[in-house]
Amino acid sequence: MGVSTFKILAEAEAAFNINDLFLSPGLDLLDTPKNTVQVIQVQIETDQASVLEVTTTGGTTWSKLNNATAVDGMATFTMMLRQADQLNFRNTDVAGLLVKITVAG
5 MGVSTFKILA EAEAAFNIND LFLSPGLDLL DTPKNTVQVI QVQIETDQAS
55 VLEVTTTGGT TWSKLNNATA VDGMATFTMM LRQADQLNFR NTDVAGLLVK
105 ITVAG
């Protein structure tokens, strides 16, 4: 069995209001070589059902993580990011949402 080479890039655990950014500041990958991608893993755990969104543009545009279906519990997913991407997350419908997020790459 191989050893994971992932390291923690960002993490947060707090109560967030609607549209609060989960990562402050947002995560950038400036140490990633230009014209390549870095594989990251994200784990998000919430205390109640909520609609989550992700941005890779520093907040200019947002995409729904869960097809606008409110989910609770824990989700883990893999993403590929470029050097110019600025990653962040938010919820759009629950004030005071308790969130624990870890980003590793």
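Sequential numbering from 5 applies to the sequence shown in my numbering. Using N, Cα and C, we set each Cβ at its ideal position, and we do this for glycine too. Computed from a predicted model, the values in this text were never measured in an experiment.
- Within the same chain, Cβ atoms closer than 6 Å to the Cβ of residue 49 are found at 78 and 104, the five residues on either side in sequence being excluded.
- Annotated as proximal: residue 109 and residue 13, with beta-carbon spacing under 8 Å.
- Counting the other CB atoms within 10 Å of its CB gives residue 94 a total of 16 or more, which places it among the buried residues.
- Of the candidates 11, 15, 9 and 51, 15 places its Cα closest to the Cα of residue 91.
- The C-alpha of residue 34 lies about 7 Å from the C-alpha of residue 88.
- By the CB criterion at 8 Å, residue 82 and residue 107 fall outside the cutoff.
- Cβ neighbours of residue 66 within its own chain (closer than 6 Å, five residues either side excluded): 57 and 59.
- In the DSSP secondary-structure assignment, residue 82 is bridged to 45.
- Looking at 11, 25 and 10, the one whose alpha-carbon comes closest to that of residue 99 is 25.
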